[in-house]
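A.B. asks: Got a structure here, written out as structure tokens. Questions coming.
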Amino acid sequence: MQTKLSLVCDKLIEAGWLAVVILVPLWFNIYSARTFEPDKITLMRSIALVMVLAWLIKLAEEGSGQVRRPTPPAGDHPAPPPPSLWRRLAGVPLLLPVLLVVFAYLLSTALSISPTVALWGSYQRMQGTYTALSYIVIFALVASHLRTRAQLDRLMTTIILTSLPVGLYGIIQRYGLDPLPWAGDVQTRVASSLGNSIFLASYLIMAIPPTLARLLNAMRAILKEEEIGWGNTILAAVYIFILAVDVIAVIFSGSRGPMLGLMAGMFFFVLLGLLLSYRQRQPGQTLTLRSVGVSLAEVIVPLGIGGVAGAAVFAIFGPVTRGEVRYDHGALLALGIFGGFGLSILYLAVRVALSRGAWRLWLNWAMLAVAMGGFLVAINVPTSPLHTVRDAPVVGRLAQLFQSGEGTGKVRALIWEGVLNLITLDEPLGIPGQYTDSLYRVRPLIGYGPESMFNAFARVYPAELAHVEARGSSADRSHNETFDFVATLGVIGFAAYYWLIFGLFYYILKV
1 MQTKLSLVCD KLIEAGWLAV VILVPLWFNI YSARTFEPDK ITLMRSIALV
51 MVLAWLIKLA EEGSGQVRRP TPPAGDHPAP PPPSLWRRLA GVPLLLPVLL
101 VVFAYLLSTA LSISPTVALW GSYQRMQGTY TALSYIVIFA LVASHLRTRA
151 QLDRLMTTII LTSLPVGLYG IIQRYGLDPL PWAGDVQTRV ASSLGNSIFL
201 ASYLIMAIPP TLARLLNAMR AILKEEEIGW GNTILAAVYI FILAVDVIAV
251 IFSGSRGPML GLMAGMFFFV LLGLLLSYRQ RQPGQTLTLR SVGVSLAEVI
301 VPLGIGGVAG AAVFAIFGPV TRGEVRYDHG ALLALGIFGG FGLSILYLAV
351 RVALSRGAWR LWLNWAMLAV AMGGFLVAIN VPTSPLHTVR DAPVVGRLAQ
401 LFQSGEGTGK VRALIWEGVL NLITLDEPLG IPGQYTDSLY RVRPLIGYGP
451 ESMFNAFARV YPAELAHVEA RGSSADRSHN ETFDFVATLG VIGFAAYYWL
501 IFGLFYYILK V
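Next up, the structure:
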């Protein structure tokens with residue numbers, strides 16, 4: 001039974017997750033040594049502790065939740081017994097993978113080569129088991145207490161509005177207007193309040209889909225209005241502004257991975273919407289060869305127009321030079337095809353807005369995604385004439401996906417080589433006769449412990465890495481989520497993590 005105190009605890013728990021959504025992306029401390037990550041993590045941990053305290057008070061106030069069942073009158077059939085605790089727990093979505101993740105962290109921490117660092121986290125990152133458990137606690141409290149549409153709307157609104165100052169700060173950095181004197185270059189690749197261009201873009205691409213969804217809802221409400229009203233129009237304008245700021249900040253970050261993530265996210269966002277519309281309007285209808293051909297033509301024609309435009313620019317003006325970048329025939333052709341993709345997306349958007357066969361466009365969208373995938377492969381093949389677009393600003397980052405012979409691509413390839421050697425190491429770490437890792441044979445199963453890769457990596461450090469990266473640095477991350485989990489949590493942690501991720505997608509699609 002709920003009481004006034006338990007209701008206050010519910011409000012405090014919700015205020016906690018809203019505070020995490022607002023404060024963690026925005027907070028940084030220029031007076032600390034690391035400025036960003038440890039300060040954000042400390043703040044998040046503190047909020048998680050307050051949320052746990054509120055939950056414990058609520059639990060004590062409401063009791064175990066068991067209600068005495070009244071005795072049925074004589075002659076009535078007794079009510080069926082309630083399901084057992086284990087059956088109820090098994091019916092909770094994602095509970096089993098979350099528990100396995102917790103088990104993997106605790107096991108790997110207890111048997112880590114550096115248990116203290118594994119538990120509390122390194123000073124540079126603070127991403128140890130304590131932090132992971134804080135993430136899981138917040139996740140569990142949101143999953144168990146977010147029960148109404150109003151709560152979900154508040155959470156989405158908070159995420160959207162918080163992304164605006166983060167994106168704006170990145171744009172300010174791009175144009176050299178940042179009043180803070182950072183030691184690194186934050187103008188070429190902006191970092192905003194996240195302190196890292198990849199972290200910035202990864203955060204913003206998660207805020208873009210709900211912003212786009214709100215924009216579409218506002219525009220749909222405008223189209224349905226019988227009388228002209230300013231409410232939805234103002235909302236649509238606000239969401240357009242926030243969406244533009246977020247997308248521009250992602251582009252200014254120059255981060256390849258998040259750009260690909262944004263493209264993949266937008267593909268599934270639109271595809272699921274179009275498929276839902278298709279099934280509602282044409283249940284049971286099968287595709288015909290004619291509809292496939294028409295969809296293919298509607299995708300190819302804009303791409304052809306863009307390619308012809310790029311070739312025409314080269315034929316008329318020859319190689320074009322802007323600043324330090326020279327665009328030859330391959331680069332201009334690639335840029336023209338990029339423009340063709342934009343033209344094709346604009347055509348699909350107009351079809352949707354005019355409601356002219358919009359339900360058929362899922363096939364166009366799927367074909368466009370396949371074409372984009374093929375195009376990305378083509379511009380990344382070194383022998384392709386389109387590969388010269390790699391020197392172009394913004395777009396050129398997408399032509400460096402397979403770069404492994406120079407720059408950050410080579411650094412990551414060498415680190416991955418070292419991590420693979422670390423995972424498959426057939427001899428113990430340590431100093432013979434003093435201290436050696438007696439559990440080295442089971443390290444592939446349990447890992448070296450959270451935040452412990454830095455201590456283990458020195459054994460497999462590739463000598464060539466010292467020539468392309470600072471000699472005093474040693475990798476504490478592999479720049480690859482899969483390698484990170486296998487190296488730190490072993491196969492158990494890897495399986496638990498991906499069970500959780502795929503389970504999350506399963507329940508989203510199921511809903």
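Numbers 1 to 511, taken from the numbering used here, label the letters of the sequence shown in order. Glycine included, each C-beta is placed from N, C-alpha and C at the ideal position.
#1: For the putative contact between residue 307 and residue 336, defined by C-beta atoms under 8 angstroms, what is the C-beta separation to the nearest angstrom?
#2: Within a Cβ cutoff of 7 angstroms, which residues of the same chain sit near residue 252, ignoring the five residues on either side of it in sequence?
#3: Evaluate the contact criterion for the region 486-496 versus the region 93-112: three or more CB pairs, one atom per stretch, below 8 angstroms.
#4: Pull up the distance between the alpha-carbon of residue 467 and that of residue 347, whole angstroms please.
#5: Under DSSP, the beta strand (DSSP E) around residue 327 begins and ends at which residues?
#6: For the alpha helix (DSSP H) that residue 154 lies in, which residues bound it at each end?
#7: So what's residue 436 in DSSP terms, helix, strand or just coil?
#8: Thinking just about the alpha-carbon of each residue, which of 464, 444 and 256 is nearest to the one in residue 393?
#9: Suppose you measure from the CA of residue 206 to the CA of residue 263; what does that come to, to the nearest Å?
#10: Grouping DSSP H, G and I as helix and E and B as strand, with all else coil, what is residue 101?
#11: How far does the alpha helix (DSSP H) with residue 389 in it extend, from its first residue to its last?
#12: Could you pull out every residue in the same chain whose Cβ sits closer than 8 angstroms to the Cβ of residue 420, ignoring the five residues on either side in sequence?
#13: In the structure shown, what three-state DSSP assignment does residue 91 receive?
#14: With a 10 Å radius around its C-beta and 16 neighbouring C-beta atoms as the bar for buried, classify residue 449 as buried or exposed.
#15: Starting from residue 443, follow the alpha helix (DSSP H) in both directions and report where the run begins and ends.
#16: From residue 289 to residue 295, what distance separates their C-alpha atoms?
#17: Does the pairing of the region 206-218 with the region 232-240 give three or more beta-carbon distances under 8 angstroms?
#18: Assign residue 321 to one of three DSSP states: helix, strand, or coil.
#19: Using only the alpha-carbon positions, how far apart do residue 272 and residue 110 sit?
#20: Check residue 396 in the structure and name its three-state DSSP category.
#21: Could you check the C-alpha separation between residue 65 and residue 5 for me, to the nearest Å?
#22: From the DSSP secondary-structure annotation, give me the bridge partner or partners of residue 430.
#23: With DSSP as the reference, label residue 455 as helix, strand or coil.
#24: Please report the straight-line C-alpha distance between residue 351 and residue 343, rounded to a whole angstrom.
#25: Could you check how far apart the C-beta atoms of residue 365 and residue 270 are, in whole angstroms? I think they sit under 8 angstroms.
#26: Note down the Cα distance separating residue 35 from residue 28, rounded to an integer number of angstroms.
#27: What are the boundary residues of the alpha helix (DSSP H) that includes residue 197?
#28: Tell me whether the region 499-511 and the region 435-443 touch, counting them as touching only if at least three CB pairs, one residue from each stretch, are closer than 8 angstroms.
#29: Pick out whichever of 401, 411, 413 and 332 has its Cα sitting closest to the Cα of residue 389.
#30: Between residue 178 and residue 186, which are expected to be in contact by the criterion C-beta below 8 angstroms, what is the C-beta distance as a whole number of angstroms?
#31: Under a Cβ-count criterion, where at least 16 other Cβ atoms within 10 Å of its own Cβ denotes burial, should residue 427 be classed as buried or exposed?
#32: Assign residue 292 to one of two classes, buried (16 or more other C-beta atoms within 10 Å of its C-beta) or exposed (fewer than that).
#33: Have a look at residue 140 and residue 158 and give me their C-alpha separation to the nearest angstrom.
#34: Using only the alpha-carbon positions, how far apart do residue 99 and residue 378 sit?
#35: What residues in its chain sit with their C-beta under 7 angstroms from that of residue 208, if we drop five residues either side in the sequence?
#36: Could you tell me whether the region 116-125 touches the region 458-465, where touching means 3 or more Cβ pairs closer than 8 angstroms?
C.D. replies: Quick look at the numbers:
#1: Here residue 307 is taken as the residue at index 307 of the sequence shown, counted from 1. Here residue 336 is taken as the residue at index 336 of the sequence shown, counted from 1. Residue 307 to residue 336, Cβ: 5 angstroms. Contact.
#2: On the sequence shown, position 252 is the one that residue 252 refers to. Excluding positions up to five away in sequence, the list reads 170, 171, 174 and 190.
#3: With a cut-off of 8 angstroms, the region 93-112 and the region 486-496 count as touching, because enough Cβ pairs lie within range.
#4: Reading the sequence shown from its first residue, position 467 is the one you call residue 467. Reading the sequence shown from its first residue, position 347 is the one you call residue 347. Spanning the two alpha carbons is a distance of roughly 49 angstroms.
#5: Here residue 327 refers to the residue found at position 327 when the sequence shown is read from its first residue. Segment 325-327, the beta strand (DSSP E) holding residue 327.
#6: Residue numbering aside, residue 154 sits at position 154 when the sequence shown is read from its first letter. Unbroken alpha helix (DSSP H) run through residue 154: 149-174.
#7: By 1-based counting over the sequence shown, the position of residue 436 is 436. Strand.
#8: Residue 393 sits at position 393 when you count from the first residue of the sequence shown. Of the candidates 464, 444 and 256, the one whose C-alpha sits nearest the C-alpha of residue 393 is 256.
#9: Counting from one through the sequence shown, the residue named residue 206 turns up at place 206. Counting from one through the sequence shown, the residue named residue 263 turns up at place 263. In a straight line, the C-alpha of residue 206 is about 12 angstroms away from that of residue 263.
#10: Taking the first residue of the sequence shown as position 1, residue 101 is located at position 101. In this structure, residue 101 counts as helix in the three-state DSSP scheme.
#11: Counted from its first residue, the sequence shown places residue 389 at position 389. Looking at the DSSP string, residue 389 is not in any alpha helix (DSSP H), and its letter there is neither H nor E.
#12: Within the sequence shown, residue 420 is the residue found at index 420, counting from 1. Hits under 8 angstroms: 483.
#13: Sequence index remark: in the sequence shown, residue 91 carries index 91 (1-based). Here residue 91 sits in coil by DSSP.
#14: On the sequence shown, position 449 is the one that residue 449 refers to. Burial call: buried.
#15: Along the sequence shown, one-based indexing puts residue 443 at 443. Unbroken alpha helix (DSSP H) run through residue 443: 443-446.
#16: Numbered from 1 along the sequence shown, position 289 holds the residue referred to as residue 289. Numbered from 1 along the sequence shown, position 295 holds the residue referred to as residue 295. Each residue's Cα considered, the two are about 10 angstroms apart.
#17: yes
#18: Working through the sequence shown from its first residue, we reach residue 321 at position 321. Residue 321 falls in the strand class under three-state DSSP.
#19: Here residue 272 refers to the residue found at position 272 of the sequence shown. Here residue 110 refers to the residue found at position 110 of the sequence shown. The alpha-carbon separation between residue 272 and residue 110 amounts to approximately 43 angstroms.
#20: Stepping through the sequence shown from its first residue, residue 396 is reached at position 396. DSSP, read as helix, strand or coil, puts residue 396 in helix.
#21: By 1-based counting over the sequence shown, the position of residue 65 is 65. By 1-based counting over the sequence shown, the position of residue 5 is 5. Any reading at residue 65 must be qualified, since the residue scores a pLDDT of 48, below 50, and its modelled position is unreliable; no value is offered.
#22: The residue labelled residue 430 in the question sits at position 430 within the sequence shown. Bridge partners of residue 430: 436.
#23: The count along the sequence shown starts at 1 and reaches residue 455 at position 455. In the structure shown, residue 455 sits in a helix (DSSP, three-state: H, G or I).
#24: Here residue 351 is taken as the residue at index 351 of the sequence shown, counted from 1. Here residue 343 is taken as the residue at index 343 of the sequence shown, counted from 1. Using only the alpha carbons, I get a separation of about 12 angstroms.
#25: The residue you call residue 365 lines up with position 365 of the sequence shown. The residue you call residue 270 lines up with position 270 of the sequence shown. About 6 angstroms; that satisfies the 8 angstroms criterion.
#26: As a working mapping, residue 35 is identified with position 35 in the sequence shown. As a working mapping, residue 28 is identified with position 28 in the sequence shown. Each residue's alpha carbon lies about 6 angstroms from the other.
#27: Residue 197 sits at position 197 when you count from the first residue of the sequence shown. Counting along the chain, the unbroken alpha helix (DSSP H) around residue 197 starts and ends at 197-224.
#28: no
#29: Here residue 389 refers to the residue found at position 389 when the sequence shown is read from its first residue. Considering only alpha carbons, the answer is 332.
#30: Translated into the one-based positions of the sequence shown, residue 178 becomes position 178. Translated into the one-based positions of the sequence shown, residue 186 becomes position 186. Contact holds; Cβ gap of about 7 angstroms.
#31: Translated into the one-based positions of the sequence shown, residue 427 becomes position 427. Exposed, because fewer than 16 other Cβ atoms sit within 10 Å of the Cβ of residue 427.
#32: Your numbering for residue 292 matches position 292 in the sequence shown. Under this definition residue 292 is an exposed residue.
#33: The sequence position of residue 140 within the sequence shown is 140, counting from 1. The sequence position of residue 158 within the sequence shown is 158, counting from 1. Cα-Cα distance, rounded: 19 angstroms.
#34: Counting from one through the sequence shown, the residue named residue 99 turns up at place 99. Counting from one through the sequence shown, the residue named residue 378 turns up at place 378. So the two alpha carbons sit approximately 43 angstroms from each other.
#35: In the sequence shown, the residue the question calls residue 208 occupies position 208. Closer than 7 angstroms at the Cβ level, and outside the excluded window around residue 208, lie 243, 246, 247 and 262.
#36: Too few Cβ pairs lie closer than 8 angstroms, so no.
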